[in-house]
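Inspection log for the structure reproduced underneath, given as structure tokens.
Residue numbers (the UniProt record's numbering): 1 to 206.
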């Protein structure tokens, strides 16, 4: 059979949108005219409408939180050494919403121009953030990065000096990167380090 099925029973919470005398309340009048039974959840007991509550939770987690997330990226630099003692640096970018690593740029030198190119590659597949939270390092306060952010409508949100906890998610992510990647590998060349970037974070190198 085609078409919509008739509704015989309606469960709702006790909100003012649903409750009231039929003669003074549009929703109740609609139910009465269509001969639809109406029961309301017990006060402060949303579990009595459990199926709808679970559906609401699914919508919240899988649609609204993704569609309207704050879109904040966090970024930070790290330093390490090759087996010959030569230093190299990494530029790590994290999604503030779900703590997902978005990219790790690796080289012996990472000037501002290299940083902006890495961010552009992330934006190509991930989308533009509303702001990027970062420290006050020279690359982050450079005229190059500031101009790049201004032309793209992205706010640079600098943490306070001496308060790395304001960038806590990426600081914790850095510990994971150091213990599970840098600490488990000895790199003889910078090319080796670039090739062994964790798979979930290697898009910015492509």
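Don't be surprised by glycine CBs; every beta carbon is placed ideally from N, CA and C.
Could you tell me how far apart the beta carbons of residue i and residue j are, in whole angstroms, since I believe they sit closer than 8 Å?
{"i": "residue 159", "j": "residue 133", "result": "7 Å"}
{"i": "residue 92", "j": "residue 170", "result": "6 Å"}
{"i": "residue 161", "j": "residue 140", "result": "Actually they are not in contact, since the Cβ atoms of residue 161 and residue 140 sit about 12 Å apart, beyond 8 Å."}
{"i": "residue 164", "j": "residue 71", "result": "Wrong, their Cβ atoms sit about 22 Å apart, outside the cutoff."}
Taking the C-alpha atoms as reference points, what is the distance between residue i and residue j?
{"i": "residue 68", "j": "residue 84", "result": "Confidence at residue 68 is low in this model, with a pLDDT of 49, below 50, so its placement is unreliable and the value that follows should be read with caution. In a straight line, the C-alpha of residue 68 is about 47 Å away from that of residue 84."}
{"i": "residue 73", "j": "residue 184", "result": "27 Å"}
{"i": "residue 208", "j": "residue 86", "result": "Since the first residue shown for the chain is 1 and the last is 206, residue 208 is missing from the structure and cannot be characterised."}
{"i": "residue 90", "j": "residue 172", "result": "15 Å"}
{"i": "residue 78", "j": "residue 88", "result": "9 Å"}
{"i": "residue 190", "j": "residue 121", "result": "20 Å"}
{"i": "residue 154", "j": "residue 188", "result": "37 Å"}
{"i": "residue 75", "j": "residue 142", "result": "15 Å"}
{"i": "residue 7", "j": "residue 152", "result": "Any reading at residue 7 is ruled out, since the residue's pLDDT is 48, under 50, leaving its predicted position unreliable."}
{"i": "residue 123", "j": "residue 96", "result": "14 Å"}
{"i": "residue 186", "j": "residue 82", "result": "7 Å"}
{"i": "residue 135", "j": "residue 168", "result": "11 Å"}
Between the Cα of residue i and those of the options, spot the shortest distance and give me the residue it belongs to.
{"i": "residue 100", "options": "189, 192, 176", "result": "176"}
{"i": "residue 80", "options": "139, 151, 109, 98", "result": "109"}
{"i": "residue 196", "options": "106, 157, 75, 121", "result": "106"}
{"i": "residue 125", "options": "102, 162, 168", "result": "102"}
{"i": "residue 178", "options": "154, 193, 189", "result": "193"}
{"i": "residue 131", "options": "137, 142, 94, 186", "result": "94"}
{"i": "residue 138", "options": "111, 82, 127", "result": "111"}
How far does the alpha helix (DSSP H) with residue i in it reach, from first residue to last?
{"i": "residue 197", "result": "No alpha helix (DSSP H) contains residue 197, which DSSP labels as neither H nor E."}
{"i": "residue 174", "result": "168-180"}
{"i": "residue 188", "result": "It is not in any alpha helix (DSSP H) - residue 188 carries neither H nor E in the DSSP assignment."}
{"i": "residue 145", "result": "143-151"}
Check for me: the beta strand (DSSP E) holding residue i runs from which residue to which?
{"i": "residue 108", "result": "Per DSSP, residue 108 belongs to no beta strand (DSSP E) and is neither H nor E."}
{"i": "residue 90", "result": "87-95"}
{"i": "residue 156", "result": "155-158"}
So does the segment 107-118 actually touch the segment 141-159, counting three or more Cβ pairs closer than 8 Å?
yes
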